[in-house]
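From first to last, the protein sequence lines are chains A and B.
Counting from 1, position 34 in the first sequence corresponds to residue 33 in numbering that gives the first Met the number 0; the numbering is continuous, with no gaps.
Counting from 1, position 90 in the second sequence corresponds to residue 89 in numbering that gives the first Met the number 0; the numbering is continuous, with no gaps.
Beta carbons are placed, not taken as given, at the ideal position from N, Cα and C, and that holds for glycine.
Heads up: the structure comes next, in structure tokens.
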Amino acid sequence: MNSQAYIATVYLFMLAAFLGYQVISRVPSLLHTPLMSATNAISGISLVGSLVAAGAQHSTLSTTLGFIAVTCATTNVVGGFIITDRMLRMFKKKRTAASEEQKP
Amino acid sequence: MRYYLIEASYFLASILFILGLRGLSHPETARRGMHLAEFGMLMAIIGTLMHQEIVSYEWIIAGLLLGSAIGTGIGLWVPMTAMPQRTAFSHAFGALAAALVGISEHSLHGASLSKFTMGALGFDVLLGSLTTTGSLVAFAKLQGMLPGRPMTYKGQNIFNLSLLGVIVLAFVILIFHPGAAPLFYLMAVLSLIFGVLLVLPIGSADMPVVIALLNAYAGLASAAIGFAISNNVLIIAGTLDGGSGLILSIVMCRAMNRSITAVLFGAFGKVSETSTTVTEGTMRVANIEDLAPQLKYARQVVFVPGYGMATAQAQHAVRELSTALEDAGVTVKFAIHPVAGRMPGHMNVLLAEANIPYSQLYELEQINPDFTATDVAVVVGANDVVNPDARDNSSSPISGMPILEVDRAKEVVVLKRGSGKGFSGLENPLFTKPNCAMLYGDAKESLTQLAQAVLKD
Chain A
0 MNSQAYIATV YLFMLAAFLG YQVISRVPSL LHTPLMSATN AISGISLVGS LVAAGAQHST
60 LSTTLGFIAV TCATTNVVGG FIITDRMLRM FKKKRTAASE EQKP
Chain B
0 MRYYLIEASY FLASILFILG LRGLSHPETA RRGMHLAEFG MLMAIIGTLM HQEIVSYEWI
60 IAGLLLGSAI GTGIGLWVPM TAMPQRTAFS HAFGALAAAL VGISEHSLHG ASLSKFTMGA
120 LGFDVLLGSL TTTGSLVAFA KLQGMLPGRP MTYKGQNIFN LSLLGVIVLA FVILIFHPGA
180 APLFYLMAVL SLIFGVLLVL PIGSADMPVV IALLNAYAGL ASAAIGFAIS NNVLIIAGTL
240 DGGSGLILSI VMCRAMNRSI TAVLFGAFGK VSETSTTVTE GTMRVANIED LAPQLKYARQ
300 VVFVPGYGMA TAQAQHAVRE LSTALEDAGV TVKFAIHPVA GRMPGHMNVL LAEANIPYSQ
360 LYELEQINPD FTATDVAVVV GANDVVNPDA RDNSSSPISG MPILEVDRAK EVVVLKRGSG
420 KGFSGLENPL FTKPNCAMLY GDAKESLTQL AQAVLKD
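Shown next, in the form of structure tokens:
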């Protein structure tokens, strides 16, 4: 990769940091726990690196490490999204509406 | 063609992640946002599977299946009260995954790495390793496998900083000699040790900051991997995760009036444990029979939940009582301190689980002016966040920390397991104030009895 491409990634990082700050500052403290589990699930995107490591068959070491990494990252993605949804389902605006929803 | 398809999937995923997080700015749009993010993740995975370097799918499928099984298990069966532990554990997993990808990359390319790539890889492995072990220690503390109090020894900070110095030195040498594999592994191992030593001296009360900080590290490790393998979606998602963790840790620090360095190196609670200068006043003990009518005929009752509510699993009992009071015509509110519990937003999730609508949950700034108009404030297992010393006593270790000013209510009832101190080990002058009464015993039982007494009257 040439140096121009390196610099482009640094720009990308900076823009993502600014955007992230804007978006995440708007999350109310009410939803801070779901936010944490959501960003955790999203950072499971390291899967894109570990999938290649696990499937490229460069060496036994890299395949093994890749396999463990795929397992860990998938656990986070699947577990993180399930838990986030479980939490968000619980946040209700009104008591009456909530109890009606629970009726079959 | 294949290249463009893969990149398109990453591009789509990046947009969907950002839209997903934007959805979290309101509880009503949050679930839809998360579905977008889930779809984005699926696209990115499918895109990656088309990568030309992938020649065999056995280990990939095995890892995906195993991870999905573990993830589904954790996702469905972890109770809401255990959310801080679960979060710490998942930070360990995320950081480990990032560190392992970095190690695998280094083992393949080693000496041929450019300075830029080696720098990113080193950063990834350093942060990834220390976050893995640090999160595991945090998990063990929250789960009660390790004592929650700070574990300190003499010269700890000096030792830790020297260790960090050695790690950084190894990192710098590696940038100029990327092929030095033994040095690379030494750096990884030392970072693992450093992670343990970093979190051991931090007490349970500071856990909200530590969890948020470890969240940031795990995210930054992922972003670093993105730089190393020049993958844009990794950089974006990792930066969002890192930024979110950083913002949360700043919010938590502000809510405790402490700096991040004080949290990391201060060993909070250790000092006050030894200085037990007891200024014992008389505490008034409340009983259910008198309290129930007082609550029932109040105009406004504010509940203040703390970590004690989580340990006693009392959130449903709180709901029972609050419903009984509302049916009797009482205005019921809930006051949430940002650092109540062991992670950001911990109390909100527990109360939501107990089916308490979020329109009844109030933040510190919103509720504090309201306490003077409150007839009874019910403190359920909170201590330091209602300690008036933080406001009145400038020599208190928690001086300047914003508190919920329950002592301004006409009457305060504190539900407490026993007459012991809070996690910080500080005396709480609230308990001896004339308008404060103590209700000792298991919070869940007390609340259930109160609810029954209110309904019976």
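- [ ] Identify whether Y56 of chain B lies in helix, strand or coil by the three-state DSSP scheme.
- [x] coil
Open item on the list: Given this structure, state the Cα-to-Cα distance separating M342 of chain B from I6 of chain A, to the nearest angstrom.
Closed with: Cα to Cα, the separation comes out at about 37 Å.
Open item on the list: Here's the rule: buried if 16 or more other CB atoms are within 10 angstroms of the residue's CB, otherwise exposed. What is T275 of chain B?
Closed with: Residue confidence for T275 of chain B is low, a pLDDT of 40 falling below 50, so the modelled location carries little weight; the figure read from the coordinates is stated next. Counting Cβ neighbours within 10 Å, T275 of chain B comes out exposed, since fewer than 16 surround it.
- [ ] Show which residues of chain B have a CB atom less than 8 Å away from the CB atom of T32 of chain A.
- [x] M82, T86, M342, P343, G344, H345, N347, V348
Open item on the list: Beta-carbon within less than 6 Å of L454 of chain B's beta-carbon, same chain only, minus the 5 sequence neighbours each way: which residues are those?
Closed with: A323
- [ ] Using a Cβ cut-off of 9 Å (strictly closer), state whether S103 of chain B contacts chain D.
- [x] The structure shown contains no chain D; the protein chains it does contain are A and B.
Task: Own chain, CB closer than 7 Å to L199 of chain B, minus 5 neighbours either side, in chain order - done: V136, M150
TODO: Give the C-beta separation of A72 of chain A and L239 of chain B to the nearest angstrom, bearing in mind that I take them to be a contact with Cβ-Cβ under 8 Å.
DONE: No, A72 of chain A and L239 of chain B are not in contact; Cβ-Cβ is about 16 Å, not under 8 Å.
Task: Backbone secondary structure at Q299 of chain B - three-state DSSP - done: Q299 of chain B sits in a strand when the DSSP states are folded into three classes.
Open item on the list: DSSP has I335 of chain B in a bridge; who is on the other side?
Closed with: B:E362
- [ ] Establish whether the CB of D240 of chain B and some CB of chain A are separated by less than 9 Å.
- [x] yes
TODO: Determine which residues of the region 42-74 of chain B have a Cβ less than 7 Å from any Cβ of chain A, and write them out in chain order.
DONE: A43, I44, T47, L48, H50, E52, I53, V54, S55, Y56, W58, I59, A61, G62, L63, L65, G66, S67, I69, G70, T71, I73, G74
TODO: Note down the Cα distance separating T8 of chain A from M255 of chain B, rounded to an integer number of angstroms.
DONE: 36 Å
Task: Endpoints, beta strand (DSSP E) assigned at L189 of chain B - done: L189 of chain B -> not in any beta strand (DSSP E); alpha helix (DSSP H) instead, spanning 180-198.
Open item on the list: Once DSSP output is grouped into helix, strand and coil, what is the label at L91 of chain B?
Closed with: Looking at the sequence shown, residue 91 of chain B is not Leu but Ala. If DSSP states are grouped into helix, strand and coil, A91 of chain B belongs with the helices.
Open item on the list: Between Q299 of chain B and D374 of chain B, how many whole angstroms is the CB-CB distance? I'm expecting something under 8 Å.
Closed with: 6 Å
TODO: Note down, in chain order, every chain A residue with its Cβ under 9 Å from the Cβ of M33 of chain B.
DONE: P33, A37, A40, F80, T83, D84, L87
Task: For K415 of chain B: DSSP bridge partner residues - done: B:Y439
- [ ] For L18 of chain A, decide whether its Cβ has a neighbour in chain B, counting only Cβ atoms nearer than 9 Å.
- [x] yes
- [ ] If I'm right that V378 of chain B touches V412 of chain B with Cβ under 8 Å, what's the distance once you round it to whole angstroms?
- [x] Contact flag correct, Cβ pair sits at about 7 Å.
TODO: Would you list the residues sitting across from A74 of chain A in a DSSP beta bridge?
DONE: The question names Ala, but residue 74 of chain A is Thr in the sequence shown. DSSP, once it has assigned bridges, lists no residue as partnering T74 of chain A.
TODO: Hey, could you find the ends of the beta strand (DSSP E) A376 of chain B is sitting in?
DONE: 375-379
Task: Cβ shell of F122 of chain B (< 7 Å), same chain only, five flanking positions each side left out - done: A223
TODO: Would you mind telling me which residues of chain A sit closer than 7 Å to A217 of chain B, beta carbon to beta carbon, in chain order?
DONE: S42
Open item on the list: Measuring only the C-alpha atoms, how far is C252 of chain B from V208 of chain B?
Closed with: Whole-angstrom Cα-Cα distance: 6 Å.
Task: Whole-number beta carbon distance between G54 of chain A and V54 of chain B, since they are thought to touch under 8 Å - done: 7 Å
Open item on the list: Quick check on P27 of chain A: does DSSP put it in helix, strand or coil?
Closed with: coil
- [ ] Could you tell me which residues DSSP pairs with V284 of chain B in its beta bridges?
- [x] B:M437
Open item on the list: Cutting at 8 Å between CB atoms, please list the residues of its own chain near T273 of chain B, excluding the five before and the five after it.
Closed with: Any reading at T273 of chain B must be qualified, since the residue scores a pLDDT of 38, below 50, and its modelled position is unreliable; no value is offered.
TODO: Please name the residue, chosen from B:K114, B:A61, B:E444, that lies closest to S49 of chain A on a Cα-to-Cα basis.
DONE: B:A61
Open item on the list: Measuring CB atoms only, is the region 225-241 of chain B touching the region 10-18 of chain B, in the sense that at least three cross pairs come out at less than 8 Å?
Closed with: yes
- [ ] Would you kindly work out how many angstroms separate the C-alpha atoms of Y2 of chain B and G399 of chain B, rounded to a whole number?
- [x] 56 Å
Open item on the list: Can you confirm whether Q56 of chain A, when its beta carbon is compared against all beta carbons of chain B, has any partner nearer than 9 Å?
Closed with: Closer than 9 Å to some Cβ of chain B, the Cβ of Q56 of chain A qualifies, so yes.
Open item on the list: Once DSSP output is grouped into helix, strand and coil, what is the label at E426 of chain B?
Closed with: coil
Open item on the list: If I measure Cβ to Cβ from A220 of chain B and keep anything under 6 Å in the same chain, skipping five residues before and after, which residues do I get?
Closed with: A94, A97, D123, L126, G127
Task: Closer than 9 Å to chain A by CB, R30 of chain B - done: The C-beta of R30 of chain B comes closer than 9 Å to at least one C-beta of chain A.
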